[in-house]
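Visitor: This is the structure, below, for whatever I ask next.
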Amino acid sequence: MTKSEPQQGKPPSRLIDERIQELADWRGEMLGRLRALVKEADPDVIEEWKWRGVPVWSHGGLICTGETYKNVVKMTFAKGASLDDPAGLFNSSLEGNTRRAIDFREGDEVDEAALKALIRAAVALNNSKASKARNI
């Protein structure tokens with residue numbers, strides 16, 4: 001079993017597919033759309049399934065999660081406080097020193113270009129921290 005493969009024996013990508021299908025409402029549609037944007041922004045992204053059912057996207061470290069709640073789909077960026085957000089996408093978890101999140105509600109528009117830029121910035125931050133660690 002690999003680190004990102006859960007005990008259920010299914011690959012994380014399959015578990016995420018199943019989550020999207022089981023939601024069968026706007027949240028599943030939104031999670032699927034956000035997932036597609038993550039993959040477009042970073043074709044080398046690694047999908048994981050953590051914390052008893054949370055889709056996670058990583059590349060050189062955790063990029064973001066895709067949590068689903070009754071009224072929102074929350075995209076939490078692990079190092080969001082360190083990212084520039086010129087489009088003002090972050091609208092949740094603003095009080096902390098590390099994470100930042102975007103809450104998407106039913107009917108919300110997604111600024112795809114800005115979100116992909118944020119994802120790419122998170123990957124670049126992960127890669128810069130990884131390269132600094134290698135140079136120490």
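As numbered in the numbering used here, the sequence shown has no gaps in its residue numbers, which increase by one up to the final residue, 136.
Backbone N, C-alpha and C fix where the C-beta goes; we use that ideal spot for every residue, glycine too.
Among residues of its own chain, excluding the 5 on either side of residue 105, which ones have a beta-carbon nearer than 6 angstroms to its beta-carbon?
Guide: By 1-based counting over the sequence shown, the position of residue 105 is 105. Within the same chain, residue 105 has close Cβ partners 72.
Visitor: Beta strand (DSSP E) containing residue 101: first to last residue?
Guide: Counting from one through the sequence shown, the residue named residue 101 turns up at place 101. Residue 101 -> beta strand (DSSP E) spans 100-104.
Visitor: Which value, in whole angstroms, describes the spacing of the CA atoms of residue 127 and residue 59?
Guide: On the sequence shown, residue 127 is found 127 positions in, with the first residue counted as 1. On the sequence shown, residue 59 is found 59 positions in, with the first residue counted as 1. Answer to the nearest angstrom: the Cα atoms are 8 angstroms apart.
Visitor: Looking only at its own chain, which residues have a Cβ that is under 8 angstroms from the Cβ of residue 83, when we skip the five neighbours before and after it?
Guide: As a working note, residue 83 is residue 83 in the sequence shown. So the qualifying residues of the chain are 77, 100, 118, 121, 122, 125.
Visitor: If you follow the beta strand (DSSP E) that residue 53 is in, where does it begin and where does it stop?
Guide: Counting from 1 along the sequence shown, the entry for residue 53 is found at position 53. Counting along the chain, residue 53 falls outside any beta strand (DSSP E), and DSSP gives it neither H nor E.
Visitor: Which term fits residue 65, buried or exposed, when burial requires 16 or more other beta carbons within 10 angstroms of its beta carbon?
Guide: Walking along the sequence shown from the start, residue 65 turns up at place 65. It counts as buried.
Visitor: Give me, in chain order, the residues of the same chain whose beta-carbon lies closer than 7 angstroms to that of residue 111; leave out the 5 immediate sequence neighbours on both sides.
Guide: Along the sequence shown, read from residue 1 onward, the residue named residue 111 stands at position 111. Once the five neighbours on either side are set aside, the close Cβ partners of residue 111 are 87, 89.
Visitor: Do you know whose CA, among 24, 20, 75, lies nearest residue 57's CA?
Guide: As a working mapping, residue 57 is identified with position 57 in the sequence shown. Minimum Cα distance to residue 57 is reached at 75.
Visitor: Rounded to whole angstroms, what is the Cα-Cα separation between residue 30 and residue 38?
Guide: Position 30 of the sequence shown, counting from 1, holds the residue named residue 30. Position 38 of the sequence shown, counting from 1, holds the residue named residue 38. If you take the alpha carbons of residue 30 and residue 38, they lie about 12 angstroms apart.
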